[in-house]
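Each remark here refers to the structure printed beneath this line.
There are 2 protein chains.
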Amino acid sequence: MAEATDKLLSRRDVQFCLHDWLNIGETTDAETVDAIIDLSARLAEEHFLSHYKASDTHEPSLDADGVHILPQIGEALGHYADAGLFAAGFAEELGGFDLPFLACAASFAHFAAANVATAAYPMLTAANARLIAAFGSPAQVEAFARPQIAGEWFGTMCLSEPQAGSSLAEIRTRAQPDGEDELGQRYRLQGNKMWISGGDQDVSGNIVHLVLAKVPGIDGKLPDGTAGLSLFIAPKILPDGARNDVSVAGLNHKMGYRGTANCLLNFGENNGAIGWLVGQPGEGLRQMFMMMNEARISVGLGAAALGYRSYLLSLQYAQERLQGRPMGVRDGEPVAIIHHPDVRRMLLSQKAYAEGSLALCLYCAKLVDAHGDPDSTALLDLLTPIAKTWPSEYGLAANDIAIQIHGGYGYTREFHVEQLWRDNRLNPIHEGTTGIQAMDLLGRKILRDGSALPLLKAKLEAAAKRAESIEELRGLAPSMLQAWSAIEACLQQLSDRPAERAFDNATPFLWAFGHVVLGWIWLEQAVTAARLDRSAETQAHFAEGKIRACRHFFDSELPKVAAWLCAVEAGSDTAATAPIETF
Amino acid sequence: MAEATDKLLSRRDVQFCLHDWLNIGETTDAETVDAIIDLSARLAEEHFLSHYKASDTHEPSLDADGVHILPQIGEALGHYADAGLFAAGFAEELGGFDLPFLACAASFAHFAAANVATAAYPMLTAANARLIAAFGSPAQVEAFARPQIAGEWFGTMCLSEPQAGSSLAEIRTRAQPDGEDELGQRYRLQGNKMWISGGDQDVSGNIVHLVLAKVPGIDGKLPDGTAGLSLFIAPKILPDGARNDVSVAGLNHKMGYRGTANCLLNFGENNGAIGWLVGQPGEGLRQMFMMMNEARISVGLGAAALGYRSYLLSLQYAQERLQGRPMGVRDGEPVAIIHHPDVRRMLLSQKAYAEGSLALCLYCAKLVDAHGDPDSTALLDLLTPIAKTWPSEYGLAANDIAIQIHGGYGYTREFHVEQLWRDNRLNPIHEGTTGIQAMDLLGRKILRDGSALPLLKAKLEAAAKRAESIEELRGLAPSMLQAWSAIEACLQQLSDRPAERAFDNATPFLWAFGHVVLGWIWLEQAVTAARLDRSAETQAHFAEGKIRACRHFFDSELPKVAAWLCAVEAGSDTAATAPIETF
């Protein structure tokens with residue numbers, strides 16, 4: 095059982111995932127990992143959770159000096175930097191600690207659970223620094239990645255524009271060549287960047303913007319499509335101490351995630367913002383995409399963490415709130431609501447969603463660490479759209495259930511569960527919406543190159559075999575394999591269909607595929623749990639909880655796969671071919 | 095198609111439901127109905143929609159004088175009263191216009207769509223006045239119902255207490271006899287009432303509280319359970335002009351629905367609040383429950399309306415927002431996102447949810463009007479938990495999709511869709527949570543007295559027969575009847591099960607039952623649409639839209655029935671029997 099002291103994630107569960115299931119000790123010193131996790135849990139609770147409400151009510155503000163954010167955010171990130179957590183995942187030669195992504199992800203989940211908006215700053219900074227470290231010149235790495243790895247400067251990703259959200263081909267930010275210096279090919283950038291998280295703030299020494307822009311051709315026109323996109327480093331403050339030509343045109347007022355200043359940035363309102371090209375022209379999208387798996391797993395992980403904390407909150411509330419009596423009992427004192435079957439059903443659904451989401455993201459993080467192995471990379475590519483969307487949709491579902499368990503109290507801002515729900519609603523949108531992920535899964539990852547499917551199938555079959563050898567899990571695996579067969583049959587039908595109709599129901603396909611993947615993730619966990627030494631009572635309860643959650647997922651969730659595939663298999667074009675006038 | 099001028103609900107759709115489908119002209123003058131609907135749409139847009147954002151950002155405040163609400167709310171309700179809408183559904187001898195509940199419901203849906211928090215005041219006032227009119231003495235009706243029917247005073251329902259939410263047996267408010275006067279048996283009330291919507295405000299002349307309380311026995315103790323509950327009228331200002339002993343102990347700060355002041359009220363902090371008994375002692379719960387069908391339909395209707403407006407907003411946005419290109423096209427100008435199959439799928443899901451919810455609630459409203467007919471009353475009792483929950487869950491799902499279609503913009507407070515989502519999240523909670531409705535459906539309405547089931551089955555079969563006679567609908571009805579058979583088979587299994595385990599999965603059963611009911615509601619609409627005169631193009635498009643939404647519901651939603659029944663049929667007690675320590 096989650097301990098009363100587990101405010102963010104269950105410590106036992108995190109250990110279970112890292113050690114018992116994913117064997118992190120094979121590649122990393124187990125004690126180091128545990129120390130990092132304990133440190134993260136403590137820092138997150140002390141310095142991130144403590145201003146969760148405050149960062150919601152005191153939104154970032156904008157004046158002539160720029161954007162001001164809640165001072166506690168800066169203080170929290172100071173502690174994060176002091177603990178070396180900005181540097182954790184980077185190579186030692188860059189000032190990092192060379193920890194595997196899996197350990198970093200497990201650490202990060204605690205901060206996201208405590209305060210996802212504050213945690214967004216280091217998440218973006220790490221992604222930014224990692225990109226520069228991977229593709230920048232040594233001088234660029236020294237000048238722009240190192241201060242971020244040290245946690246002194248923060249970073250942003252400037253992709254979207256007001257007219258270019260999901261479709262980056264629409265980008266109009268223009269980069270004019272402006273000579274060369276020790277930091278590389280210099281350009282002058284002009285354009286408007288929208289939805290820039292951490293686009294400005296007053297807590298870091300500098301802000302390193304990574305800007306996607308197009309270099310005009312000889313005719314002065316911007317190239318069409320995404321092929322002409324290049325990536326530029328445009329710091330808020332230039333190396334000579336002067337302000338770059340980047341200004342905050344406005345703040346977006348969001349429903350949640352409010353502590354993360356989200357800006358409309360104008361580049362080059364005056365002479366053009368100075369930006370140094372990363373790598374070669376035209377490589378921008380490829381560079382971004384090489385970071386995309388990690389970024390999308392981080393989004394999924396944040397969503398999982400938000401769902402997870404709401405599970406722990408409702409578990410606690412359900413044990414404290416007295417209301418009603420057991421079925422058939424009319425008199426006597428009211429009981430804690432956890433004794434009502436419907437509340438317990440909701441809690442077990444939350445557990446299946448939250449723990450399943452976390453386990454999936456940690457599994458994918460392990461695949462990131464295995465990037466030398468082509469099979470692992472292929473499997474990671476296939477699973478990434480699921481790691482992004484499933485926790486975003488079902489972590490949110492766990493948040494929704496948390497409100498329901500809290501009843502009227504959960505609808506008030508006196509409790510945290512409504513804010514967790516609002517915060518999490520961003521996750522199905524940013525870093526590629528669910529619809530975009532569905533196209534990615536079905537198009538790029540399956541129909542264009544289905545080579546990863548057999549790898550996943552082999553994983554499912556191996557888990558099934560292990561499960562069937564365990565008495566208390568018998569009977570589960572066949573329904574998972576049956577669901578997988580339904581997916582395969584559906585794909586066969588889709589591949590026979592004209593391409594322009596194959597994607598009409600890509601999203602229901604993603605839902606079905608995601609549930610099968612989660613069935614497998616739950617079976618993996620159940621097998622691992624069943625093999626634990628259960629002589630101690632707490633271990634026995636923990637293992638039983640995992641197995642019950644797995645069984646609940648198979649009873650109540652897996653049957654939905656067939657329902658979603660109905661529309662896909664029927665090749666229903668009811669929506670896609672509906673004349674606009676019929677809506 | 096919904097017209098661009100339809101900001102709240104589609105005028106054509108409301109007319110379709112009222113006239114083409116539910117034949118309101120059989121009982122009420124059609125022109126009068128249309129005039130009321132047009133007036134409602136206009137007033138709602140001019141005076142309710144206009145302060146939608148303001149009522150969210152300027153929450154009610156509390157000072158020594160009591161609760162202050164946004165002045166525009168009072169102005170809007172003044173227009174509502176001037177138009178006679180408080181009086182619409184009441185008998186002429188009470189100063190009303192004797193309109194059927196169906197017409198009142200269709201009118202009300204516009205106000206809920208425009209501003210559900212402002213609309214809550216007249217909804218509660220009507221329910222309060224209706225209860226007094228039904229059970230109060232002539233003097234009570236004169237003193238307390240009439241001013242509400244005139245829209246001069248507003249009313250509240252004081253049921254919940256901090257320790258008594260879903261379980262009214264826990265109520266501790268105490269009513270001590272205090273003589274008798276021309277308004278009836280007088281009592282002194284003492285207790286705390288929680289979650290009181292409209293519990294205080296500064297826009298109506300008086301506030302009539304209907305208070306559920308217990309009369310202590312000779313031993314001074316309050317009776318156990320709900321049998322001892324009685325209902326009292328406790329106005330804020332007494333007939334002699336003195337303030338009653340009712341004070342506002344606090345305001346609840348909600349996530350949404352913020353314009354509705356939601357209070358913790360203390361009754362009798364000094365000498366006891368004066369309250370007059372309605373009817374006889376011990377009849378409180380029965381009286382409340384006789385109003386419950388209408389109150390629950392009104393909640394469902396509000397939820398439907400919130401979902402409906404979010405559908406219209408995303409339909410408009412999807413036609414204006416340019417982004418991306420059709421499948422396989424790489425160059426050229428971006429297209430409106432409504433041209434993308436996934437957006438169209440989302441819109442059709444919204445249409446199925448929103449129009450289906452509205453249609454269900456209006457159907458139930460018609461059953462309210464047929465209260466003289468026992469079969470209609472039995473059917474209404476059976477359908478009420480669905481009318482309460484289905485729109486609450488799927489109207490909310492439509493709100494969620496609206497945010498997704500708006501992308502990042504939908505997550506900001508510059509647009510309305512995020513507020514519609516926050517507002518609607520209350521509806522699965524108040525007036526009986528989804529879990530409570532599930533117990534009501536399965537326990538009280540089906541297992542205890544299954545006599546309404548054959549009535550519903552006959553409705554389904556009749557609709558199926560009509561549908562099968564129409565070429566373009568052929569093939570739909572059998573899947574609905576099959577889903578119904580699955581429900582019946584499941585009930586057979588449940589009735590063989592020990593009572594204490596029969597309710598473990600009452601909520602998944604409710605979901606399954608609800609989807610079958612909605613399948614039928616959609617088939618009813620499709621049959622009606624198919625029979626419309628479709629010679630005019632707009633009519634043809636309207637009818638095709640209804641039929642496509644029906645088909646989409648059958649393709650994409652109805653298959654979920656089998657998935658939900660899986661857990662119920664398996665008699666899964668995985669959650670219910672899980673030791674607390676395993677969570």
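Order-wise, the sequence lines are chains H and D.
The numbers in the first sequence follow my numbering, run straight up by one, and end at 677.
The numbers in the second sequence follow my numbering, run straight up by one, and end at 677.
Positions of the beta carbon are idealized from the N, C-alpha and C atoms, including for glycine.
It should be emphasised that the depicted structure is a prediction, and the values quoted were computed from it without experimental measurement.
Inter-residue spacing [alpha-carbon to alpha-carbon] between residue i and residue j
| i | j | result |
| --- | --- | --- |
| H/G422 | D/E594 | 7 Å |
| H/H434 | H/W658 | 30 Å |
| D/R438 | H/F597 | 12 Å |
| D/R105 | D/L400 | 16 Å |
| D/A200 | D/L490 | 20 Å |
| D/T676 | D/E264 | 29 Å |
| D/D192 | H/P428 | 44 Å |
| D/K315 | D/W484 | 40 Å |
| H/Y488 | H/Y447 | 6 Å |
| H/Y503 | H/A367 | 49 Å |
| D/A571 | H/E582 | 29 Å |
| H/A208 | H/G245 | 19 Å |
| D/P653 | D/A556 | 21 Å |
| D/N251 | D/S291 | The question names Asn, yet the displayed sequence has Met at residue 251 of chain D. Roughly 8 Å separates the two Cα atoms. |
| H/V235 | H/Q381 | 15 Å |
| H/V607 | H/N599 | Note that residue 607 of chain H corresponds to Phe in the displayed sequence, not to Val. When rounded, the distance between both Cα atoms is 12 Å. |
Bounding residues of the alpha helix (DSSP H) (the contiguous stretch that carries residue i)
| i | result |
| --- | --- |
| H/C455 | P435 to D463 |
| D/Q619 | A600 to A624 |
| D/D107 | R105 to Q109 |
| H/I530 | T528 to M533 |
| D/G639 | E631 to H646 |
Min CB distance residue i to chain H below 9 Å
| i | result |
| --- | --- |
| D/M349 | yes |
| D/P194 | no |
| D/P428 | yes |
| D/K654 | yes |
| D/H434 | yes |
| D/L102 | no |
| D/W370 | no |
| D/S579 | no |
N- and C-terminal bounds of the beta strand (DSSP E) containing residue i
| i | result |
| --- | --- |
| D/Q374 | That residue, D/Q374, is in no beta strand (DSSP E); it is neither H nor E in DSSP. |
| H/D469 | Counting along the chain, H/D469 falls outside any beta strand (DSSP E), though it belongs to the alpha helix (DSSP H) covering P468 to H500. |
| D/N286 | G278 to S291 |
Exposure of residue i, with buried meaning 16 or more beta-carbon neighbours within 10 Å
| i | result |
| --- | --- |
| D/A669 | buried |
| D/L589 | First, the amino acid is wrong: residue 589 of chain D is Ser here, not Leu. The residue in question, D/S589, is exposed, as its Cβ has fewer than 16 Cβ neighbours within 10 Å. |
| H/R568 | exposed |
| H/D313 | exposed |
| D/A220 | buried |
| H/A182 | buried |
| H/S579 | exposed |
| D/F647 | buried |
CB contact below 9 Å: residue i versus chain D
| i | result |
| --- | --- |
| H/T527 | yes |
| H/M440 | yes |
| H/Q257 | yes |
Handout entry: Members of the segment 277 to 293 of chain D near chain H, C-beta cut-off 9 Å
Key = M288 and W289
- Residues of the segment 657 to 677 of chain H whose Cβ lies closer than 9 Å to any Cβ of chain D, in chain order: A657, W658, L659, C660, A661, A664, S666, D667, T668, A669, A670, T671, A672, P673, I674, E675, T676 and F677
Open item on the list: Tell me which residues of the segment 486 to 497 of chain H have at least one Cβ-Cβ distance to chain D shorter than 7 Å, keeping chain order.
Closed with: I497
Chain H contacts made by the segment 406 to 419 of chain D, where a contact means CB separation under 8 Å = L409, Q413, L416, Q417, G418 and R419
Under 9 Å (Cβ pairs) to chain D, residues found in the segment 233 to 263 of chain H: S254, Q257, A258, G259, S260, S261 and A263
**OP:** Can you give me, in chain order, the residues of the segment 591 to 619 of chain D that have a beta carbon less than 9 Å from any beta carbon in chain H?
**Re:** A593, E594, R595, A596, F597, D598, N599, A600, T601 and P602
> Which residues, in chain order, does the segment 308 to 335 of chain D contribute to contact with chain H at a C-beta distance below 8 Å?
Replying inline: D318 and G319
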